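Participant: Take a look at this one; I'll ask things after.
In the UniProt record's numbering, the protein residues as written are 1 to 125.
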């Protein structure tokens, strides 16, 4: 039966089994997990796994627009990589308990998409 991991905490894992949500200890989950998985990976709109200073103007504009929405900021978005954008990235990361490094990679993108909704890439292993 497929199980969907919906949250991973410090000591527990919340999973969806059918229509029921279960909270499991990491130890128990590791004992029963077979190692198979499907990962719903939310990449940037242009399909990149990171957004950085040399990303396209469209990617940077999307990033700042998403950060403004997530942080409830009503300033106009820019397509330029500015110090203010890096501060917004760090503020977003801190508010979502991510590594506060100003780097927009996998975890930051996943959390941004959670705020905005949207499509994702399906990876199995």
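Note that beta-carbon positions come from the ideal geometry of N, C-alpha and C, so glycine has one too. Values in this document were obtained by computation on a predicted structure and should not be read as measured data.
Distance check for residue 79 and residue 58, CA to CA, integer angstroms please.
Facilitator: 7 Å
Participant: Which residues mark the beginning and the end of the alpha helix (DSSP H) in which residue 20 is found?
Facilitator: Taken as a continuous stretch (DSSP letters only), residue 20 belongs to no alpha helix (DSSP H), being part of the beta strand (DSSP E) at 20-25.
Participant: Could you check how far apart the C-beta atoms of residue 86 and residue 102 are, in whole angstroms? I think they sit under 8 Å.
Facilitator: 5 Å
Participant: Using 8 Å for Cβ pairs, my map puts residue 66 next to residue 112. What's the rounded Cβ distance?
Facilitator: 5 Å
Participant: Just checking residue 16 against the ligand GTP - is the residue's beta carbon closer than 7 Å to any of the ligand's heavy atoms?
Facilitator: The ligand GTP is not part of this structure, which contains no ligands at all.
Participant: Taking the alpha-carbon positions, what's the residue 88 to residue 68 distance?
Facilitator: 8 Å
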